[in-house]
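Okay, so here's the structure we're looking at.
Protein chains: 2
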Amino acid sequence: MPEQANSPPVPPGTPVRDPGRGRATEPVRTAGPEAGNGPDGATAREAVGGDPAAPGRRRQERALRRRGALLDAAVALLAEGGFAAVTHRAVAQRAGIPLAATTYYFSSRDELVAQAFGLLVDRELTQMRASLNAMRDRSPERLAQVLADAYAHDRPRQLGLWELYLQAGRDPALQGIARKWTDGCEEIVASVLGRAGYACGRSEVRFVTTLLSGLWLEDVVEARPEGRERARDVVARALKAIS
Amino acid sequence: MPEQANSPPVPPGTPVRDPGRGRATEPVRTAGPEAGNGPDGATAREAVGGDPAAPGRRRQERALRRRGALLDAAVALLAEGGFAAVTHRAVAQRAGIPLAATTYYFSSRDELVAQAFGLLVDRELTQMRASLNAMRDRSPERLAQVLADAYAHDRPRQLGLWELYLQAGRDPALQGIARKWTDGCEEIVASVLGRAGYACGRSEVRFVTTLLSGLWLEDVVEARPEGRERARDVVARALKAIS
DNA sequence: TCTAATCTGGGACAAGCGTACCGTTTTATG
DNA sequence: CATAAAACGGTACGCTTGTCCCAGATTAGA
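Chains as they are written, first to last, in the numbering used here: chain W, 1409 to 1651; chain Z, 1409 to 1651.
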């Protein structure tokens, strides 16, 4: 049995249990390359998918949970202190897991960061989808408001996300995730515009997403007080332009 | 006018000095580090003024040149390897100057980076101004083309610039430079639009600059092949929207 | 049961970092 | 010339980093 709850092996000096996370369902969603030493991502995925034919998979449960905890910690640290704050030691301490486990589950820091990036993108897209799907009012004013506010939550996390996105400009290994991010935004905006009655093609959608990116970034970085209303103004102008 | 080649001896309005530092990252601040041993950059401005009778000026000349060389090296390294690549040792080696000089001319790495950021922004704005002022054709197509291509040079440098800009979201000491950057872009775009016959207020200008930022960033990071034409398309759409 | 694979975690390593120390050289001024 | 200040530069300290090693615990399959 994979019961580790009352378990012995927890080292003496690691009281930090579960600092901040809200997820137990699918923390280890990874599309990245396989890990070197530890359990590779591919087998982890099919374990989640539920393949009863596979033999001994029960043991990996705890391992998967730990892996997820490490990723969670990496994401949190990225938000708090930026790219440079994601060190093996910081991640391990944050997750309440010994240092060596970080190199066991992720073959290198780069891989850890890459997978954290992927996770961050997934979460952000999910959250955007959720908050934008909740929109029922179809007035252009309301739509502008909603679009302009789509990113107005958890500023540190946004900073981390953009930081990683920018990093993708230098690291080809991150390019795929960066594209997934922009493509995801595009798809979401297209859906929202469509449901709001704007019949627009790819060109129009890109027009809006590009504008939102610029708005978003400037807002996150500079945090000017007038940012909010300005965002509404700009978005409204864009909506008028494509209608 | 004579020494401008390497580095503007600290432009008039940017005393990045800021004794009341806002950093939270640096660990051990042993004691007051004498508030900078080296030559104060702010006083360097008077060196350019034509006052040959001034006594001890020749000594400072070399010092200023070295300081500039260090900043140049920092900018180059930032472009090549990003924020993390700007280390004291790398900068010193790049500039052909001993390591200890870096701490002599800049009281800390943060200050070096901040000043490099300022220099980078100045150069970029200058270059943009120059390339956009050269535009004489006033057709909307040509204008869209020029605006869309305004940033299409020296991709690594752009990456470094954006990286620093993003860093300003975490480091209050960089906020001022970040604003100088966005404000500079705004002013340039306003000037270009004005000369092209677009009578537009601040709202319209911001609409365009925001869009350009989004375009710019995505182009620099993802470097998709279709980026160029897409940029033209998007910018043309924006111009149509404000006319 | 036994055995081999997997997982765990403490510790150590070399490399790189920012920065301070401190004697030496250069310069400006009395 | 003398002397103080400024500029210089070699070197070392203290610390953090990523990664590796290896012995012990746990588990899967025979």
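C-beta atoms are modelled at their ideal positions from N, C-alpha and C, and glycine is treated no differently.
Since the structure is predicted, the reported quantities are computational estimates derived from the model, not experimental observations.
Where does residue i fall in DSSP's three states?
i       : result
Z/F1491 : helix
W/D1480 : helix
Z/F1685 : The question about residue 1685 of chain Z has no answer, for chain Z in this structure spans 1409 to 1651.
W/P1580 : helix
Z/I1505 : coil
Z/A1439 : Reliability of the predicted coordinates at Z/A1439 is poor, the pLDDT of 30 falling under 50, and no value is obtained from them.
Z/F1525 : helix
W/N1445 : Since pLDDT at W/N1445 reaches only 46, below the 50 mark, its modelled position is unreliable, and no value is offered.
Give a single yes or no on whether residue i has its beta carbon closer than 7 angstroms to a heavy atom of the ligand HEM.
i       : result
Z/V1483 : Of the ligands one can find in the structure shown there are none, so the ligand HEM has no counterpart to examine.
Quiz item: Going along the chain, which unbroken runs of the alpha helix (DSSP H) with 4 or more residues stay wholly within the stretch 1533-1568 of chain Z?
Solution: Complete alpha helix (DSSP H) runs here, min 4: 1548-1557.
Practice problem: Give, in chain order, every unbroken run of the alpha helix (DSSP H) that is at least 4 residues long and sits entirely within the stretch 1596-1644 of chain Z. | Solution: The stretch 1596-1644 of chain Z contains these whole alpha helix (DSSP H) runs: 1610-1630.
Quiz item: With contact counted as at least three CB pairs below 8 angstroms, one residue from each stretch, are the stretch 1531-1550 of chain W and the stretch 1511-1518 of chain W in contact?
Solution: These segments do not touch.
Quiz item: Which of the residues in the stretch 1562-1581 of chain Z, read from start to end, lie with their CB under 7 angstroms from any CB of chain W?
Solution: Contacts with chain W (Cβ-Cβ distance below 7 angstroms) from the stretch 1562-1581 of chain Z involve L1567, W1570, E1571, Y1573, L1574, A1576, G1577, R1578, listed in chain order.
Self-check item: At least 3 beta-carbon pairs within less than 8 angstroms: the stretch 1608-1624 of chain W vs the stretch 1585-1598 of chain W
Solution: They touch, by the three-pair rule.
Quiz item: Do the stretch 1634-1649 of chain Z and the stretch 1546-1558 of chain Z make contact, defined as three or more Cβ pairs closer than 8 angstroms?
Solution: Result yes; three or more Cβ-Cβ pairs closer than 8 angstroms.
Quiz prompt | Near-chain W residues of the stretch 1488-1514 of chain Z (beta-carbon distance less than 9 angstroms), N- to C-terminal order | solution = Along the stretch 1488-1514 of chain Z, the positions whose C-beta sits under 9 angstroms from a C-beta of chain W are G1489, G1490, F1491, A1492, read in chain order.
Practice problem: Specify whether the stretch 1557-1571 of chain W and the stretch 1489-1506 of chain W touch according to this definition: at least 3 beta carbon pairs, one from each stretch, less than 8 angstroms apart. | Solution: These segments touch.
Quiz item: Which residues, in order along the stretch 1602-1635 of chain Z, keep a beta-carbon less than 9 angstroms from a beta-carbon of chain W?
Solution: Residues of the stretch 1602-1635 of chain Z with a Cβ closer than 9 angstroms to any Cβ of chain W, in chain order: S1611, E1612, R1614, F1615, T1617, T1618, L1619, L1620, S1621, G1622, L1623, W1624, L1625, E1626, V1628, V1629, E1630, A1631, R1632.
Quiz item: If we count Cβ pairs, one from each stretch, closer than 8 angstroms, do we get three or more for the stretch 1593-1613 of chain Z versus the stretch 1629-1638 of chain Z?
Solution: Touching, no, given that fewer than three Cβ pairs across the two stretches are closer than 8 angstroms.
Quiz item: How do the stretch 1472-1483 of chain Z and the stretch 1495-1513 of chain Z stand: do at least 3 beta-carbon pairs fall below 8 angstroms, yes or no?
Solution: The stretch 1472-1483 of chain Z is in contact with the stretch 1495-1513 of chain Z.
Quiz item: Is the stretch 1521-1536 of chain Z in contact with the stretch 1554-1569 of chain Z, if contact means three or more CB pairs nearer than 8 angstroms?
Solution: Contact annotation: the stretch 1521-1536 of chain Z touches the stretch 1554-1569 of chain Z, with at least three C-beta pairs closer than 8 angstroms.
Quiz item: Listed in chain order, which residues of the stretch 1636-1648 of chain W have Cβ atoms closer than 8 angstroms to some Cβ of chain Z?
Solution: From the stretch 1636-1648 of chain W, only R1638, D1641, V1642, R1645, A1646, K1648 have a Cβ closer than 8 angstroms to chain Z.
Quiz item: Looking at chain Z, which residues of the stretch 1586-1599 of chain W have a Cβ within less than 9 angstroms of any of its Cβ atoms?
Solution: With the criterion set as a beta carbon lying under 9 angstroms from some beta carbon of chain Z, the members of the stretch 1586-1599 of chain W are A1586, R1587, T1590, in sequence order.
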